[in-house]
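With the first letter of the sequence shown counted as 1, position 95 gets the number 95 in full-length UniProt numbering; the numbers rise by one all the way through.
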Amino acid sequence: MPTPINTTTDALSWQESALCAQTGPDFFFPAPGSSTQEAKQLCRACEGRLQCLEYALTHDEKFGVWGGLSEKERHRLKQRRGAQGWGDAKAADTVH
Ligand code: SF4
């Protein structure tokens, strides 16, 4: 995953246990049309999943798998949150 800029250390503490840091970016930024299943499987086991997803939503990350969701899934989640007023990443559990 890319290193974010202009954020506090506390807000990024979830990155210390990020499983993707151990595998490299290839799974998480696959070529168009490639599977994201390997990345999502790792995300499901990652301690920082919800924080990662919130980060991606807050910073409007356009590419890759973040917090177990693809670009399209994050976009749909944001739309649902906007329509329903949801406030945190726990709503992501209902997306899959
Ligand atoms: S949830 Fe996935 S993308 Fe986010 S830090 Fe964990 S392994 Fe990386």
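C-beta atoms are modelled at their ideal positions from N, C-alpha and C, and glycine is treated no differently. Quick caveat: nothing in here was measured; it's all calculated off a predicted structure.
It is roughly 11 Å from the alpha-carbon of GLN51 to the alpha-carbon of GLY68.
Taking the Cα positions, ALA31 is about 31 Å away from ALA83.
For ALA18, the distance from the CB to the nearest heavy atom of ligand 1 is below 7 Å. Taken in chain order, the whole beta strand (DSSP E) runs of length 3 or more contained in the stretch 28-88 number zero. GLU47 and SER13 do not touch by the CB rule: their CB atoms are close to 10 Å apart, not below 8 Å.
Excluding five sequence positions before and after LYS78, the CB atoms of its chain that fall closer than 7 Å to its own CB belong to LEU57, given in chain order. By the Cβ neighbour-count rule, ARG74 is buried, with 16 or more other Cβ atoms within 10 Å of its own. CA-CA distance, GLU61 to TYR55, rounds to 8 Å.
Distances taken from the Cβ of ARG49 to the heavy atoms of ligand 1 include one shorter than 7 Å.
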